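Take this note's numbering: the final residue in the sequence shown is number 1145, and no numbers are missing along the way. Yeah, the Cβ is synthetic: ideal placement off N, Cα and C, and Gly gets one too. All of these numbers come straight from a predicted model, not from anything done at the bench. Each remark here refers to the structure printed beneath this line.
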Amino acid sequence: MTQTANAPIAELRGTMRGEVVEAADPTYDEARRVWNAAIDRRPLAVAMCADESDVQAAVRFAATHGIDVAVRCGAHSMSGASVVDDGLVIDLTGLNQVSVDPVARRARVGGGALLGDLDAATQAHGLAVPVGLISHTGVGGLTLGGGMGWLSRKYGLSVDNLVSARCVTADGDLLTASATENPDLFWALRGGGGNFAVVTEFEFELHEAGPMVHFGLLFWGLEQGTEVLRHARSVIHSLPDDVNVVFGGLNAPPAPFVPEEHRLKPGYAMVVVGFGSAEEHAAVLEQARSAVPPLVDFASPMPYVELQKMLDEANGWGLYCYDKGCYVDEFSDGVIDALVEHFPQKTSPLSIVLFYRLDGAYSAVADDATAFSGGRSPRFGVFIIAGCPVPEMFPAERDWARALATALAPFASDDGSYVNGSAEFDAVEAAYGAGKFARLVELKAKYDPTDLFHGNARVTPGS
């Protein structure tokens, strides 16, 4: 739909309070920059929206002139969905307000807010909503795809806690989607990605969490992998409701609690976070370390807001990144063998493989209650992330991630994949499953019949 050559950007400027940045402007390169340095695109303009009316103006302008659109919040999309060549970036970073009602346990969150903004505001009241693990991620992109993190076993996905959303649709209208207003759109927004509207404000249900949690990190060497990972199964399947575990392959952090001889060495780790009693958390750690003594064994209370920032530095802006993902129903010997064979072949110390345990509150939601891509039976979310400090390393590391994904494919669940967990949108219908995808196509025809919003896990009207 791109018709950029004669698009009158001056017309857009005249309808917006916020700035409109073009290639000749000194702030252009910063305005088009995204988290993943592997993405280098040059938009026609960036609309720095100051309020909802600016979002409406930008959407109407793009629709009128047939210009491709990207919506930017945290710009953390691995695929680069936050920027588009020769199109219009609708930048929501000015809409980053967060307001909390601790009595009603609700938070209203601007479409441009980051997870760190949300965590800081809610933790001031000892409350939280399940979100991801990197605080400079945008609330918008994470939520619209699903949103999983430390609290997902206890309270579900981000979309499971979404109460309502204020949206600008493809015709520039402003409406609310909730269980009682435009419920079909509300269903689609909860997992359907950015296919249907620009969300300018999210309303979340909040839950008690923090302000302190129990943190534990155990780390083993590469040679201990098979034995440790097989033992991890018994730990994971007996977790109390108030404890969560993320485990997999990574390089030991260069932290003070890591003995110097093990810092940055590759191996296998288990991070154990407790939201209940110290004794309950300690018992899980004791079980985890019982089979093979870890090289690193650290436990300490930690503020929840610091837990949420723990991976920020290792996932900083400017890295060349790529990811693949899947679900596996079981952490089987075949999955372990594939991980132990392929993980040591990576060449960048920043590349990681993480397994999230998904059960409890995650599995208490019916498969078709939301548009979330994937079934709700107990399972593991697998994230293979290639991260490189320099571009020369990137092609080989991307090949490593693809090879591991291929090795895990025979063990992958057959009921979808997480659209937030892959840099490539090459099997969108399979990710959602036939039933959900058909409903998304129907709703796409209703809310975005011209396919204005398509730079994501694309659902096309009539596809």
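One or two residues paired with residue i in a DSSP bridge
i	result
D853	Paired residues: none, contrary to the question.
Y950	W902 and G931
A752	V771
D783	R788
V955	F897 and N926
R1062	According to the sequence displayed, residue 1062 carries Phe and not Arg. Answer by DSSP bridge pairing, in chain order: V1010 and R1039.
L796	G820
Test item: CB-CB of residue i and residue j under 8 Å
i	j	result
V1047	D842	yes
L824	G814	yes
F886	L844	yes
V966	L921	yes
V978	H1024	no
F929	F1037	yes
S1004	A1105	One point to set straight first is that residue 1004 is Tyr, not Ser, in the sequence displayed. The answer is yes: Cβ separation under 8 Å.
L770	C755	no
A752	V766	yes
T1142	R872	no
N1138	A763	yes
C1070	Y1009	no
V1101	A1113	yes
V917	H963	no
A803	V987	no
S817	G798	yes
A786	H889	no
C849	V880	yes
G838	P812	yes
V910	V974	yes
F1093	S1033	no
T819	L796	yes
P1031	N933	yes
Exposure of residue i, with buried meaning 16 or more beta-carbon neighbours within 10 Å
i	result
G728	First, the residue type needs correcting, since residue 728 is Val and not Gly in the sequence shown. So V728 counts as buried.
R1058	buried
K1028	buried
M894	exposed
T709	exposed
R699	exposed
P725	buried
P983	exposed
F939	exposed
E883	buried
G1098	buried
S759	buried
H919	exposed
L946	exposed
W999	exposed
G1063	buried
G931	buried
K1118	buried
L904	exposed
D923	exposed
Residue i in three-state terms, based on DSSP
i	result
R872	coil
F1076	helix
E887	strand
T908	helix
S916	helix
L1134	coil
P1092	helix
L807	Per the sequence shown, residue 807 should be read as His rather than Leu. Note: H807 maps to coil in three-state DSSP.
E1124	helix
D736	helix
A727	strand
N1102	helix
T882	strand
I1067	strand
R695	helix
V741	helix
E701	coil
L967	helix
A1112	helix
D1081	helix
A713	helix
G762	coil
D707	coil
F1119	helix
D722	coil
T686	Summary for T686: the model assigns pLDDT 49, below 50, so the residue's position carries little reliability; its value from the coordinates is reported in the next sentence. In this structure, T686 counts as coil in the three-state DSSP scheme.
is_contact[residue i, chain D] using C-beta, thresh 8 Å
i	result
D1108	No chain D is part of this structure, which consists of one protein chain only.
Heavy atom of the ligand NAP within 7 Å of residue i beta-carbon
i	result
D855	This structure lacks the ligand NAP; in fact it carries no ligand of any kind.
Self-check item: Runs of alpha helix (DSSP H) lying entirely within the stretch 972-1058, each at least 4 residues, in chain order
Solution: Unbroken alpha helix (DSSP H) stretches of 4 residues or longer found wholly inside the stretch 972-1058: 986-989 and 1015-1024, given in chain order.
Original post:
What residue ranges within the stretch 813-869 form continuous beta strand (DSSP E) runs of no fewer than 3 residues, ordered along the chain?
Top reply: Within the stretch 813-869, the beta strand (DSSP E) runs of at least 3 residues that lie entirely inside it are, in chain order, 844-850 and 856-860.
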